[in-house]
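>
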Amino acid sequence: MIDADRFRHDLQAQLEGEVRFDAVTRALYSTDASVYRILPIGVVVPKSRTDVVRIVTLCAQYRCPLTMRGGGTSQAGQAIGSGLVADTSKFFNRLLEVNVAQRWARAEPGIVLDELNAALKPHGLRFAPDISTASRATVGGMMANNSSGARSILYGKTIDHVIEQEVVLSDGSVVRCGPLSGTELDQVCEGDSLEARCYRTVRRLACEHVSEIERRYPKVLRRVGGYNLDAFVPDRPFNLAKLIVGSEGTLGVVLEAKLALVPLPHAKAVLAIQFETLLEALDATPAIIAHTPSAVELMDRFILDHTRQSATLDRLRNTFIEGDPEALLCVEFYADRAEDLPARLDALEADLRARRFGYRYHRATEPAAQAAVWSLREAALGLSMAMKGDAKSLSFVEDTAVAPERLRDYIERFVAMIREHGSEAGVYAHASVGCLHVRPVVNLKTETGVRQFESIAQASADLVLEFGGALSGEHGDGLVRSPFMEQMFGPVLYDAFRQVKRTFDPDNIFNPGKIVDSPPLTANLRYGPSYRTQQPETFFDYASYGGIAGAVEMCSGLGVCRKTVDGTMCPSYMVTREEAHSTRG
Ligand SMILES: Cc1cc2nc3c(=O)[nH]c(=O)nc-3n(C[C@H](O)[C@H](O)[C@H](O)COP(=O)(O)OP(=O)(O)OC[C@H]3O[C@@H](n4cnc5c(N)ncnc54)[C@H](O)[C@@H]3O)c2cc1C
Ligand code: SF4
Numbered sequence: 008m009i010d011a012d013r014f015r016h017d018l019q020a021q022l023e024g025e026v027r028f029d030a031v032t033r034a035l036y037s038t039d040a041s042v043y044r045i046l047p048i049g050v051v052v053p054k055s056r057t058d059v060v061r062i063v064t065l066c067a068q069y070r071c072p073l074t075m076r077g078g079g080t081s082q083a084g085q086a087i088g089s090g091l092v093a094d095t096s097k098f099f100n101r102l103l104e105v106n107v108a109q110r111w112a113r114a115e116p117g118i119v120l121d122e123l124n125a126a127l128k129p130h131g132l133r134f135a136p137d138i139s140t141a142s143r144a145t146v147g148g149m150m151a152n153n154s155s156g157a158r159s160i161l162y163g164k165t166i167d168h169v170i171e172q173e174v175v176l177s178d179g180s181v182v183r184c185g186p187l188s189g190t191e192l193d194q195v196c197e198g199d200s201l202e203a204r205c206y207r208t209v210r211r212l213a214c215e216h217v218s219e220i221e222r223r224y225p226k227v228l229r230r231v232g233g234y235n236l237d238a239f240v241p242d243r244p245f246n247l248a249k250l251i252v253g254s255e256g257t258l259g260v261v262l263e264a265k266l267a268l269v270p271l272p273h274a275k276a277v278l279a280i281q282f283e284t285l286l287e288a289l290d291a292t293p294a295i296i297a298h299t300p301s302a303v304e305l306m307d308r309f310i311l312d313h314t315r316q317s318a319t320l321d322r323l324r325n326t327f328i329e330g331d332p333e334a335l336l337c338v339e340f341y342a343d344r345a346e347d348l349p350a351r352l353d354a355l356e357a358d359l360r361a362r363r364f365g366y367r368y369h370r371a372t373e374p375a376a377q378a379a380v381w382s383l384r385e386a387a388l389g390l391s392m393a394m395k396g397d398a399k400s401l402s403f404v405e406d407t408a409v410a411p412e413r414l415r416d417y418i419e420r421f422v423a424m425i426r427e428h429g430s431e432a433g434v435y436a437h438a439s440v441g442c443l444h445v446r447p448v449v450n451l452k453t454e455t456g457v458r459q460f461e462s463i464a465q466a467s468a469d470l471v472l473e474f475g476g477a478l479s480g481e482h483g484d485g486l487v488r489s490p491f492m493e494q495m496f497g498p499v500l501y502d503a504f505r506q507v508k509r510t511f512d513p514d515n516i517f518n519p520g521k522i523v524d525s526p527p528l529t530a531n532l533r534y535g536p537s538y539r540t541q542q543p544e545t546f547f548d549y550a551s552y553g554g555i556a557g558a559v560e561m562c563s564g565l566g567v568c569r570k571t572v573d574g575t576m577c578p579s580y581m582v583t584r585e586e587a588h589s590t591r592g
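The numbering used here numbers the first residue of the sequence shown as 8 and each following residue consecutively.
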């Protein structure tokens with residue numbers, strides 16, 4: 008049992024940043040964008056790297072779990088924990104150095120992706136992974152989740168763009184993780200420091216399990232679950248940062264990172280294609296990929312229908328969508344010269360017409376027209392999740408990925424499975440890499456709903472593994488997918504993951520219960536059958552939302568209200584960077 012008063016006192020004595028153990032702050036940080044809720048002991052807001060090292064040391068001393076946090080936009084529950092939560096987004100967010108000639112930048116983990124890219128834009132550069140939550144997600148969160156975006160067919164995942172990290176290990180030592188030559192690796196493996204033990208363990212496990220890694224890691228571009236032992240098989244350059252990436256804060260705390268940058272594209276064009284059926288759109292996807300697009304993004308009718316709820320979005324959709332297609336694919340091309348783009352659009356359209364794929368092809372060649380397409384795509388997801396009533400569109404099987412050639416058959420089975428379980432769902436996202444977000448509508452406030460949640464989660468895991476895919480293509484394991492890690496990777500690799508965790512973090516301080524040794528799937532649900540909605544009296548009439556509590560429960564924690572770079576949302580948050588001053592807070 009942790010003595011919370013003494014712990015708080017020691018933190019206050021040693022940190023320059025903020026220490027908050029009050030009930031309101033703890034409640035604010037008890038949720039992220041997942042279906043879970045865990046009340047932390049307290050929250051710290053570090054100001055410097057010294058603060059972060061002291062936080063790790065004190066957590067180790069008190070045996071207190073530590074969950075790092077950026078924007079808190081994780082959908083799997085990995086940004087919440089029962090111990091101390093450390094928020095890097097307010098202060099620990101500086102861009103430290105940019106090397107334009109060599110195309111890299113060094114940054115602290117709390118920097119928001121849009122802010123980083125705004126600073127890089129004058130140099131004609133950007134950090135490539137382009138996640139939908141770029142307006143509020145941090146680079147620290149992206150690295151820990153190994154995030155990727157709509158253009159991952161071109162740029163891959165965050166792991167492909169992290170050159171080096173400085174990491175605090177569980178004993179408080181600070182190590183640099185970067186590319187090592189064979190001799191350097193031999194040297195760092197010597198001795199009895201924690202760092203040496205970590206290197207030795209990773210090298211040994213990757214060697215011992217080469218064939219199991221080859222057999223069990225899905226052959227898809229989008230797999231972020233488990234630990235990245237596949238990045239350490241012999242003959243690959245050894246860089247321990249590739250293991251820290253994707254480890255969801257369970258192996259160490261990142262103090263800063265050196266990130267590879269890419270040039271901004273010179274010219275872009277979009278073709279928005281309407282389809283009679285969802286399966287036709289998925290059938291067309293491999294043919295579209297052959298035209299080497301930078302993105303192929305899908306929205307189905309369920310998602311598109313939600314854009315009708317807002318007059319602004321309705322106007323936006325009418326600029327490029329006619330009627331009510333069952334599915335829409337937005338295909339984007341990058342080119343060095345704008346004059347090369349029309350021929351590529353022509354070729355794609357001709358190919359699709361010849362194969363009888365699609366019935367309407369809308370070209371967006373101007374930046375404003377392209378922005379309309381991408382804004383609608385981003386807003387549609389939020390609207391489809393913000394449902395009135397107790398049954399909600401939930402993130403729990405929302406992130407599976409299969410090879411694009413198998414996507415059509417997979418989604419046909421997936422949608423049928425969801426219907427068999429008495430639910431429905433929209434289908435949305437990254438067709439280019441076989442990673443589609445499907446969020447079944449479930450009422451977790453009932454026992455029946457909780458059972459439905461469990462059985463859909465299990466059926467989804469069985470199905471995606473049957474198709475040789477991954478349970479998580481970008482959102483990570485957290486609390487919602489970690490229970491399936493052994494099923495996905497098999498007992499041998501699961502045991503190897505445990506050895507990794509125990510070597511790096513013998514006292515299980517760093518974000519416990521994520522990736523290995525997780526609690527049961529339905530532990531810690533935010534709204535479970537025992538949840539009772541408080542319905543305070545209000546002056547205004549919220550009846551159409553089911554009262555003010557109903558309006559509050561429409562928030563699924565996506566964090567749009569934490570954006571800082573542009574837009575009109577939450578000016579108070581923009582100034583104070585306080586979670587309490589965002590609408591989510
Ligand atoms: C609407 C919506 C759309 C999304 N779209 C995408 C998408 O397109 N692509 C995608 O990949 N993801 C997407 N996500 C998921 C999420 O936004 C990303 O994973 C994002 O990178 C998380 O960043 P964050 O700052 O919010 O991290 P958080 O949620 O705060 O934390 C994520 C993880 O990082 C760990 N962490 C944070 N800082 C550190 C540190 N310094 N050291 C060690 N560990 C640390 C945390 O402990 C946690 O495990 C989406 C989420 C939502 C809600
Ligand atoms: S308050 Fe609104 S914008 Fe903020 S997280 Fe909730 S739903 Fe998103």
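Ideal Cβ positions, reconstructed from N, Cα and C, are used throughout, including at glycine. Owing to the predicted nature of the structure, the values given are computational and were not obtained by experimental measurement.
Starting from Asn106, trace the beta strand (DSSP E) both ways and give me its first and last residue.
Asn106 -> beta strand (DSSP E) spans 102 to 106.
> Does any heavy atom of ligand 1 sit closer than 7 Å to the C-beta of His313?
For ligand 1, not one heavy atom lies less than 7 Å from the Cβ of His313.
> Between the alpha carbons of Ile328 and Val240, how many angstroms are there, rounded?
Their backbone Cα atoms lie some 47 Å apart in a straight line.
> State the DSSP-derived secondary structure class of Tyr43, mapped to helix, strand or coil.
Tyr43: strand per DSSP, three-state reduction.
> Out of Ala438, His437, Gly433, state which residue places its alpha-carbon closest to the alpha-carbon of Arg446.
Per the Cα distances, Gly433.
> Rounded to whole angstroms, what is the Cα-Cα separation between Asp484 and Ile160?
For Asp484 and Ile160, the distance between alpha carbons rounds to 22 Å.
> In chain order, which continuous runs of the alpha helix (DSSP H) of length 4 or greater are located wholly inside the segment 176 to 240?
Runs of the alpha helix (DSSP H) inside the segment 176 to 240: 189 to 195, 201 to 215, 217 to 223.
> What are the start and end residues of the beta strand (DSSP E) that includes Gly49?
First-last of the beta strand (DSSP E) with Gly49: 49 to 52.
> Let me check you understand the geometry: is the CB of Ala601 closer than 7 Å to at least one non-hydrogen atom of ligand 1?
There is simply no residue 601 to check, as the chain begins at 8 and stops at 592 in what is shown.
> Once the 5 residues before and after Leu355 are set aside, which same chain residues still bring their CB inside 7 Å of it?
Once the five neighbours on either side are set aside, the close Cβ partners of Leu355 are Leu278, Ile295, His298, Val338.
> Give me the residue from Thr540, Thr95, Met75, Asn100 with the minimum Cα distance to Gly88.
Measuring from the Cα of Gly88, the nearest candidate turns out to be Met75.
> Use the C-beta contact count for Ala378: other C-beta atoms within 10 angstroms, 16 or more gives buried, fewer gives exposed.
So Ala378 ends up on the exposed side.
> If you count every other CB in all the chains shown that lies within 10 Å of the CB of Gly77, and 16 or more means buried, which is it?
Gly77 comes out buried.
> Would you call the segment 538 to 545 in contact with the segment 456 to 467, where contact means no fewer than 3 C-beta pairs closer than 8 Å?
Too few Cβ pairs lie closer than 8 Å, so no.
> How far does the alpha helix (DSSP H) with Thr64 in it extend, from its first residue to its last?
It spans 56 to 69 - the alpha helix (DSSP H) in which Thr64 sits, taken as one unbroken run.
> Report all residues from its chain with a CB closer than 6 Å to the CB of Cys568; omit the five preceding and five following residues, and keep chain order.
Closer than 6 Å at Cβ, skipping near neighbours: Met576, Cys577, Ser589, Thr590, Arg591.
> Can you give me the start and stop residues for the alpha helix (DSSP H) that Pro578 sits inside?
First-last of the alpha helix (DSSP H) with Pro578: 578 to 583.
> I'd like to know if His298 contacts chain B, where contact means its C-beta is closer than 8 Å to some C-beta of that chain.
Any reference to chain B falls outside this structure, which holds one protein chain only.
> With C-beta atoms as the reference, is Met306 less than 8 Å away from Ala387?
Their beta carbons are under 8 Å apart, which means Met306 touches Ala387 by this criterion.
> For Ser551, does the count of other Cβ atoms within 10 angstroms reach 16, so buried, or fall short, so exposed?
Ser551 should be labelled exposed.
> Classify Pro527 as buried or exposed, calling it buried when 16 or more other Cβ atoms lie within 10 Å of its own Cβ.
Flag for Pro527 reads exposed.
> Using only the alpha-carbon positions, how far apart do Pro536 and Ala114 sit?
If I take the Cα positions, the gap works out to 43 Å.
> In terms of residue numbering, what span does the beta strand (DSSP E) encompassing Leu262 cover?
Per DSSP, Leu262 belongs to the beta strand (DSSP E) from 260 to 267.
> Is the beta carbon of Gly179 within less than 7 Å of some heavy atom of ligand 4?
As presented, the structure is devoid of ligand 4, carrying ligand 1 and ligand 2 as its sole ligands.
> Hey, how far is the Cα of Pro53 from the Cα of Asp406?
Cα to Cα, Pro53 sits roughly 32 Å from Asp406.
> Compare the C-alpha of Arg344 against each of Gly330, Pro272, Ala302 and name the closest.
Taking only the C-alpha atoms, the option nearest Arg344 is Pro272.
> Please tell me whether Ile45 and Asn531 are closer than 8 Å, where the distance is taken between their beta carbons.
Closer than 8 Å, so yes.
> Using only the alpha-carbon positions, how far apart do Ala646 and Leu472 sit?
This structure cannot settle anything about residue 646, because the visible part of the chain is limited to 8 through 592.
> Among residues of its own chain, excluding the 5 on either side of Asp17, which ones have a beta-carbon nearer than 7 Å to its beta-carbon?
These residues qualify, in order along the chain: Leu65.
> On a Cα-Cα basis, can you pick out the residue from Val31, Arg27, Asp39 that is closest to Arg533?
Checking every option, the nearest Cα to that of Arg533 belongs to Asp39.
> Alpha carbon to alpha carbon, how far is Asp58 from Cys205?
Rounded to whole angstroms, Asp58 to Cys205 spans 24 Å at the Cα level.
> When you compare each of Leu123, His130, Gly131 to Arg143 by their alpha carbons, which one comes out closest?
The shortest Cα separation from Arg143 among Leu123, His130, Gly131 belongs to Leu123.
> Would you call the segment 122 to 138 in contact with the segment 226 to 236, where contact means no fewer than 3 C-beta pairs closer than 8 Å?
The answer is no - the segment 226 to 236 does not touch the segment 122 to 138, with fewer than three Cβ pairs under 8 Å.
> Within the present structure, is the beta-carbon of Glu255 separated from the nearest heavy atom of ligand 1 by less than 7 Å?
Glu255: yes, Cβ under 7 Å from ligand 1.
> For ligand 1, is there any heavy atom lying closer than 7 Å to the beta carbon of Asn152?
Yes - ligand 1 has a heavy atom lying nearer than 7 Å to the Cβ of Asn152.
> Would you kindly work out how many angstroms separate the C-alpha atoms of Leu228 and Thr545, rounded to a whole number?
Spanning the two alpha carbons is a distance of roughly 50 Å.
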